[in-house]
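Participant: Numbering of the sequence shown is given in this note's numbering, commencing with residue 108 and proceeding in unit increments.
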Amino acid sequence: MTTKQETQRDPSRVQGGDLTHLPDGLITLNLSLCTNPLGPPPAAVIALQRFLDHDAHRLMPPPYEAPRPPYRADRLYLQAFADRLGVDEQHMLPGRGVTEFLVILARLLRPSRVAVITPEYTETMKRFAYADFHGPADGIRDTPDLRLRRLRHAMRTHDYVVLSNPSNPLGHYLPRAELIRACQDHPGTVLIADEEYIEFQGPGLSLAGADVTNLVVLQSTGKTYGITATRAGMLWTRNLRLRQLVGDELPSWPLSLLDITLATAALRDDTWLPPVLGRINAAARRMHSLLAGRFGPAAANSDIHYRFVHLDNPYPVLEHLHAHGISARLFTSTAPGSVPGLRLMAPTTETEFGQLRTVLDTLPDGGPA
Numbered sequence: 108m109t110t111k112q113e114t115q116r117d118p119s120r121v122q123g124g125d126l127t128h129l130p131d132g133l134i135t136l137n138l139s140l141c142t143n144p145l146g147p148p149p150a151a152v153i154a155l156q157r158f159l160d161h162d163a164h165r166l167m168p169p170p171y172e173a174p175r176p177p178y179r180a181d182r183l184y185l186q187a188f189a190d191r192l193g194v195d196e197q198h199m200l201p202g203r204g205v206t207e208f209l210v211i212l213a214r215l216l217r218p219s220r221v222a223v224i225t226p227e228y229t230e231t232m233k234r235f236a237y238a239d240f241h242g243p244a245d246g247i248r249d250t251p252d253l254r255l256r257r258l259r260h261a262m263r264t265h266d267y268v269v270l271s272n273p274s275n276p277l278g279h280y281l282p283r284a285e286l287i288r289a290c291q292d293h294p295g296t297v298l299i300a301d302e303e304y305i306e307f308q309g310p311g312l313s314l315a316g317a318d319v320t321n322l323v324v325l326q327s328t329g330k331t332y333g334i335t336a337t338r339a340g341m342l343w344t345r346n347l348r349l350r351q352l353v354g355d356e357l358p359s360w361p362l363s364l365l366d367i368t369l370a371t372a373a374l375r376d377d378t379w380l381p382p383v384l385g386r387i388n389a390a391a392r393r394m395h396s397l398l399a400g401r402f403g404p405a406a407a408n409s410d411i412h413y414r415f416v417h418l419d420n421p422y423p424v425l426e427h428l429h430a431h432g433i434s435a436r437l438f439t440s441t442a443p444g445s446v447p448g449l450r451l452m453a454p455t456t457e458t459e460f461g462q463l464r465t466v467l468d469t470l471p472d473g474g475p476a
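Right under this line is the structure:
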């Protein structure tokens, strides 16, 4: 059984899916991940196989071949992303996932008035540690309505506002129309929307393409398509000045040809994603019933593939999960803007659901303090 010392680490240093701080063989079901567990699409696997068979030159315009640097190959990735979103590729930049853009923006925007709507992704809070954190009042559990109110308030008083939508870690979603209206009502403030999980919420919900110039949208292909080992993402904005500033920070070859090959093939597969996301979200609703049955309203409801359980002291529950071979993502209140609890991704098999049900049924009374 793991100990409190083993699990009590800075949550900003333990990413979802990281089991390296635990004894080997302790975990048999990892619910701390937040990626698509059913990926990657078969088309992406085939593309990777061809790449490894030295057929990668087929992706490149003549006369370039695989051994050469990936000149302009990132445009293939952007075009596939643009086609999926129904937007103009010229408004987009390629980068190594959402995180690279967060790093660049945090550096570029430091002289400005920046607000982050919390609770928020730990990497975002780390990079924007100098910003004003707008979280719910002490003792109040967040809701989408409260989150939207804080967003509108922050846009009245800041130059830039950073928001994940759906939120990480709580999973709350703010409607597209409401966010566009907030941009229209506050044209002097730029909204930076991290849409890492927008596809899990539903199709056609991205803010990309909105007819406003004070909006930046960040997405990647890693979580959606179950290829998080790749580092490929995009920034979309109609704001030419900001797009140029970020573009100047990117290297000449922003993505590897391997990442481009796998991620572009995933984006081009039009049939794989909808049914897979439907299965995952149905499993998440089933998991929510189990969590709500054990934790009541402390289990935050959402419409995506993970759920958050509010726990003032999450360690006893986490240790019980570990003792039964299950890992969950730990959050504590030690960092400003964070909320204590556990985030769990939905199981996908009957065996996994049985394992989770057993753990919840055997959780000692008083565990969820």
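All C-beta atoms in this analysis are idealised placements derived from N, C-alpha and C, irrespective of residue type, glycine included. Since the model is a prediction, treat every value here as computed from it, not as a measurement.
1. State the Cα-Cα distance for the pair His417 and Asp292, rounded to the nearest angstrom.
2. Could you tell me which uninterrupted alpha helix (DSSP H) segments, each at least 4 residues in length, are contained entirely in the segment 288-366, listed from first to last along the chain?
3. Starting from the Cα of Leu255, find the closest Cα among Thr264, Leu270, Gly246 and Ile247 and give me that residue.
4. Helix, strand or coil for Val194? Go by DSSP, reduced to three states.
5. Taking 8 Å as the cut-off, decide whether the C-beta atoms of Gly340 and Phe208 are in contact.
6. Just confirm the distance between the C-beta atoms of Asp249 and Pro276, as a whole number of angstroms; I'd bet it's less than 8 Å.
7. Once you ignore the five residues that flank Asp117 on each side, which residues in its own chain have a CB closer than 8 Å to its CB?
8. Decide if Gln197 is buried, meaning its Cβ has at least 16 other Cβ atoms within 10 Å, or exposed.
9. Quick check on the DSSP output: the alpha helix (DSSP H) that includes Ser271 runs from which residue to which?
10. State yes or no: is the C-beta of Pro361 within less than 8 Å of the C-beta of Arg203?
11. According to DSSP, which residues form a beta bridge with Met199?
12. At the level of alpha carbons, what is the spacing between Gly448 and Gly400?
13. Counting only the same chain and skipping the five closest in sequence on each side, list residues whose C-beta sits under 8 Å from that of Gly193.
14. Whole beta strand (DSSP E) runs in the segment 389-468 with 3 or more residues, listed along the chain?
15. My assumption, with CB atoms under 8 Å, is that Ile367 sits in contact with Ala180. Please give the rounded CB distance.
16. With DSSP run on the structure shown, which of helix, strand or coil describes His279?
17. In the DSSP output, what is Phe240 paired with across the bridge?
18. Rounded to whole angstroms, what is the Cα-Cα separation between Ser274 and Val223?
19. With DSSP as the reference, please indicate the residues paired to Leu88 in a beta bridge.
20. Do you know how far the Cα of Leu349 is from the Cα of Pro294?
21. If you drop the 5 nearest sequence neighbours on each side, which residues of the same chain put their C-beta closer than 8 Å to that of Ile387?
22. Using the Cβ count rule (16 or more neighbours within 10 Å means buried), how would you classify Pro174?
23. Alpha helix (DSSP H) containing Gly204: first to last residue?
24. Specify the secondary structure class of Phe127 as computed by DSSP and reduced to three states.
25. Whose CA, out of Pro282, Leu216, Glu426 and Gly278, lies closest to the CA of Tyr480?
26. Of all the options Ala151, Leu159 and Pro201, which has the alpha carbon lying nearest to the alpha carbon of Glu356?
27. Between Asp266 and Thr229, which are expected to be in contact by the criterion C-beta below 8 Å, what is the C-beta distance as a whole number of angstroms?
28. Comparing alpha-carbon positions, which option in Leu380, Pro310 and Arg345 lies nearest Val324?
29. Work out the CA separation of Thr264 and Pro147 for me, nearest whole Å.
Facilitator: So, to answer that:
1. 33 Å
2. 305-308, 329-332 and 347-356
3. Leu270
4. coil
5. Going by beta carbons, Gly340 and Phe208 fall inside the 8 Å limit.
6. Not really, about 10 Å apart at Cβ, beyond 8 Å.
7. For Asp117, the predicted model reports a pLDDT of 49, less than 50, meaning its position is unreliable; a value from the coordinates is still stated below. Closer than 8 Å at Cβ, skipping near neighbours: Thr441 and Ala442.
8. exposed
9. The continuous stretches of alpha helix (DSSP H) do not include Ser271, which lies in the beta strand (DSSP E) extending over residues Tyr267 to Ser271.
10. yes
11. Trp343.
12. 17 Å
13. These residues qualify, in order along the chain: Gly316.
14. Counting only runs of 3 or more, we get 413-417, 436-438 and 448-452.
15. That pair is a contact at about 5 Å.
16. coil
17. Val223
18. 12 Å
19. Since the first residue of the chain shown is 108 and the last is 476, residue 88 is not available in this structure.
20. 15 Å
21. Apart from sequence neighbours up to five positions away, the residues of its chain that approach Ile387 with a beta-carbon distance below 8 Å are Asn143, Pro144, Leu145, Phe307, His412, Ala453 and Thr455, ordered along the chain.
22. Residue confidence for Pro174 is low, a pLDDT of 49 falling below 50, so the modelled location carries little weight; the figure read from the coordinates is stated next. Classification for Pro174: exposed.
23. Where Gly204 is concerned, the enclosing alpha helix (DSSP H) starts and stops at Gly204 to Leu215.
24. The sequence as given places Thr at residue 127; Phe does not occur at that position. Note: Thr127 maps to coil in three-state DSSP.
25. Here the chain has residues from 108 to 476 only, and residue 480 is not among them.
26. Pro201
27. Contact doesn't hold; Cβ gap of about 23 Å is too wide.
28. It is Arg345 whose Cα lies nearest to the Cα of Val324.
29. 42 Å
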